[in-house]
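Going letter by letter, the sequence shown gives residues 107 to 501 in my numbering. Yeah, the Cβ is synthetic: ideal placement off N, Cα and C, and Gly gets one too. Since the model is a prediction, treat every value here as computed from it, not as a measurement. Here the structure comes first, spelled out in structure tokens, and everything after it is commentary.
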Amino acid sequence: MHALSAAGSGSSQMMTITLQDFSGSSVPTSGIRRLVVPLDQLQSTYGRLLRSGVKILGVSNGLTSTAATPEQSPAGSSAPASPQPATTAKPARKAPARAAHGDVPVNLYKPKAPFIGKVISNESLLKEGAIGRVNHIIMDLSGGDLRYVEGQSIGIIPDGLADNGKPHKIRLYSIASTRHGDNLAGNTVSLCVRQLQYEKDGELVNGVCSTFLCDIAPDAPVKITGPVGKEMLLPDDEEANVIMLATGTGIAPMRAYLRRMFDPGERARNPGYAFRGKAWLFMGVPTTPNLLYEEEFQSYLRAYPDNFRYTKAISREQNNSGGGRMYIQHQVAECADEIFNLINLDSTHLYMCGLRGMEPGIDEAMAAAATARGLDWKTLRPQMKKAGRWHVETY
Ligand SMILES: Cc1cc2nc3c(=O)[nH]c(=O)nc-3n(C[C@H](O)[C@H](O)[C@H](O)COP(=O)(O)OP(=O)(O)OC[C@H]3O[C@@H](n4cnc5c(N)ncnc54)[C@H](O)[C@@H]3O)c2cc1C
Numbered sequence: 107m108h109a110l111s112a113a114g115s116g117s118s119q120m121m122t123i124t125l126q127d128f129s130g131s132s133v134p135t136s137g138i139r140r141l142v143v144p145l146d147q148l149q150s151t152y153g154r155l156l157r158s159g160v161k162i163l164g165v166s167n168g169l170t171s172t173a174a175t176p177e178q179s180p181a182g183s184s185a186p187a188s189p190q191p192a193t194t195a196k197p198a199r200k201a202p203a204r205a206a207h208g209d210v211p212v213n214l215y216k217p218k219a220p221f222i223g224k225v226i227s228n229e230s231l232l233k234e235g236a237i238g239r240v241n242h243i244i245m246d247l248s249g250g251d252l253r254y255v256e257g258q259s260i261g262i263i264p265d266g267l268a269d270n271g272k273p274h275k276i277r278l279y280s281i282a283s284t285r286h287g288d289n290l291a292g293n294t295v296s297l298c299v300r301q302l303q304y305e306k307d308g309e310l311v312n313g314v315c316s317t318f319l320c321d322i323a324p325d326a327p328v329k330i331t332g333p334v335g336k337e338m339l340l341p342d343d344e345e346a347n348v349i350m351l352a353t354g355t356g357i358a359p360m361r362a363y364l365r366r367m368f369d370p371g372e373r374a375r376n377p378g379y380a381f382r383g384k385a386w387l388f389m390g391v392p393t394t395p396n397l398l399y400e401e402e403f404q405s406y407l408r409a410y411p412d413n414f415r416y417t418k419a420i421s422r423e424q425n426n427s428g429g430g431r432m433y434i435q436h437q438v439a440e441c442a443d444e445i446f447n448l449i450n451l452d453s454t455h456l457y458m459c460g461l462r463g464m465e466p467g468i469d470e471a472m473a474a475a476a477t478a479r480g481l482d483w484k485t486l487r488p489q490m491k492k493a494g495r496w497h498v499e500t501y
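Here is the structure:
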């Protein structure tokens with residue numbers, strides 16, 4: 107349902123989609139056009155238009171008309187619009203209720219009695235020339251009851267004792283696999299871990315848990331707690347649009363979502379979830395060799411070009427329009443038209459994950475883009491959050 111649906115009063119409500127440079131098969135191919143559709147057909151029409159590659163400039167509910175359905179009316183088959191710039195739709199006035207997610211497992215294993223998993227494999231995700239160290243670690247969960255869904259995290263308790271002589275405290279890691287695990291057998295969990303390293307008083311300091319995990323050998327036991335988190339869950343809606351903003355290891359939950367959506371083995375395991383919406387991944391890394399899960403994403407692009415879009419921000423290699431380094435917020439700013447058109451739909455969810463430092467830049471980019479459309483990001487973002495469509499997990 108469209109975000110404007112709350113403004114409508116039933117199926118007689120007509121909506122206007124304004125579009126440009128049409129390349130779809132059902133509509134002529136030049137200029138700015140308006141497509142008038144009944145409210146209850148808005149979402150399907152919008153999705154069809156997006157899939158056809160058209161640029162959607164805006165959606166408005168200014169036209170309450172007795173016009174016939176698109177199939178019958180000239181307006182419905184796209185009428186020429188006046189040449190003034192199209193405005194985007196206003197934000198939702200009333201947010202739908204957030205899903206309760208009561209059936210999602212949480213805290214099955216607590217720090218005092220963790221599950222003891224076993225490392226199956228621990229491999230670098232980076233290519234030659236990359237900065238730092240990021241590993242994909244798969245752990246066996248057999249013999250326990252540690253179930254999870256995409257978007258959750260688990261806790262890891264590293265071996266050894268902290269400086270105070272007590273066991274280390276847990277560190278959380280986003281789960282990078284689907285509920286079925288990378289082997290699809292439902293008995294493993296995968297993590298994407300970056301080794302924390304920093305300099306203090308002239309000395310190199312290695313993060314305790316991230317180093318423990320990046321160094322861990324196959325067959326080693328590992329103390330696992332959780333799962334935790336309901337903030338980053340995927341909607342059940344197979345036609346949802348999912349915009350993902352990830353930096354570095356923030357890709358972990360997105361990798362799980364994308365596997366659920368597009369991996370052939372996953373799709374076979376999920377007869378009730380055949381994703382048909384738009385998934386759009388924005389990925390920020392410093393260099394090309396730092397890109398994570400690149401081969402998987404390229405295979406999804408080949409198999410689902412109408413459903414998956416992938417936009418990279420490679421800060422040390424690309425320049426933004428101002429000539430500076432290309433960070434993820436610059437790509438977001440450059441794609442603001444399309445992002446705003448998508449988030450005007452109630453079926454669109456936006457996920458952000460990665461280092462906490464990414465948040466202000468994204469917020470600034472969204473605020474500027476909102477202002478340019480006569481919208482107030484300070485109002486719109488809480489509305490999206492309340493509606494369960496704005497998901498942030500930064501650390
Ligand atoms: C919900 C959630 C999900 C997460 N998911 C992931 C994930 O998928 N992958 C991942 O790699 N990490 C993830 N993290 C981060 C992870 O939990 C750990 O915080 C991270 O691995 C560092 O832990 P550590 O034990 O290695 O570092 P620690 O030994 O605990 O060191 C961290 C401490 O070092 C200090 N420090 C850090 N940087 C500097 C600096 N530059 N200068 C001086 N002091 C500094 C700070 O005091 C900091 O608290 C996630 C965190 C959360 C909360």
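**Study point:** Unbroken beta strand (DSSP E) run spanning Leu351, endpoints
**Key:** Its beta strand (DSSP E) spans residues Asn347 to Thr353.
Practice item. Classify Arg382 as helix, strand or coil using the three-state DSSP reduction. Key: When DSSP states are grouped into helix, strand and coil, Arg382 belongs to the coil group.
**Study point:** Boundaries of the alpha helix (DSSP H) in which Asn447 is found, first to last residue
**Key:** Where Asn447 is concerned, the enclosing alpha helix (DSSP H) starts and stops at Ala442 to Ile449.
Check your understanding: Do Leu252 and ligand 1 come close, with the Cβ less than 8 angstroms from some heavy atom?
Key -> Not under cutoff, so the answer is no.
Check your understanding: So does Leu297 have its beta carbon nearer than 8 angstroms to some heavy atom of ligand 1?
Key -> Flag set: Cβ of Leu297 near ligand 1.
**Study point:** Chain-ordered list of residues that sit, by beta carbon, closer than 5 angstroms to a heavy atom of ligand 1
**Key:** So the residues near ligand 1 by this Cβ test are Ser259, Arg277, Leu278, Tyr279, Ser280, Val299, Arg300, Leu302, Tyr304, Gly313, Val314, Cys315, Ser316, Thr355, Ala358 and Tyr501.
Practice item. With Asp246 as the anchor, note down where its beta strand (DSSP E) starts and where it stops. Key: For Asp246, the enclosing beta strand (DSSP E) covers residues Val240 to Asp246.
Review point. Under the three-state reduction of DSSP, which class applies to Arg373: helix, strand or coil?
Key: Arg373 falls in the helix class under three-state DSSP.
Review point. Counting pairs of Cβ atoms below 8 angstroms between the region 349-369 and the region 402-421, do you hit three or more?
Key: Taking a contact to require three or more Cβ pairs closer than 8 angstroms, the region 349-369 and the region 402-421 qualify as touching.
Review point. Using the C-alpha atoms, what's the distance from Val328 back to Gly102?
Key: Missing from the structure shown is residue 102; the chain here goes from 107 to 501 and no further.
Review point. Near Ala268, what residues of its chain come up, given a Cβ to Cβ distance below 6 angstroms and the 5 sequence neighbours on each side ignored?
Key: Result list for Ala268: His274, in chain order.
Point to revise | C-alpha gap between Arg422 and Ser316, whole angstroms | key: Just so you know, the alpha carbons of Arg422 and Ser316 end up roughly 25 angstroms apart.
Review point. From this set, Gly428, Cys459, Met490 and Cys441, which residue's C-alpha is nearest Ala475's C-alpha?
Key: The closest CA to that of Ala475, considering only Gly428, Cys459, Met490 and Cys441, is found on Cys441.
Practice item. Flag this pair as yes or no: are the beta carbons of Thr394 and Ile420 separated by less than 9 angstroms? Key: Yes, these two residues count as a Cβ contact at 9 angstroms.
**Study point:** Alpha carbon of Ile276 to alpha carbon of Val225, nearest angstrom
**Key:** Whole-angstrom Cα-Cα distance: 17 angstroms.
Practice item. Apply the 10 Å Cβ neighbour rule to Arg462 and answer buried if 16 or more other Cβ atoms are within range, or exposed otherwise. Key: It is exposed - the Cβ of Arg462 has fewer than 16 other Cβ atoms within 10 Å.
Check your understanding: Ser230 bridges to which residues according to DSSP?
Key -> BP columns for Ser230 point to Asn241.
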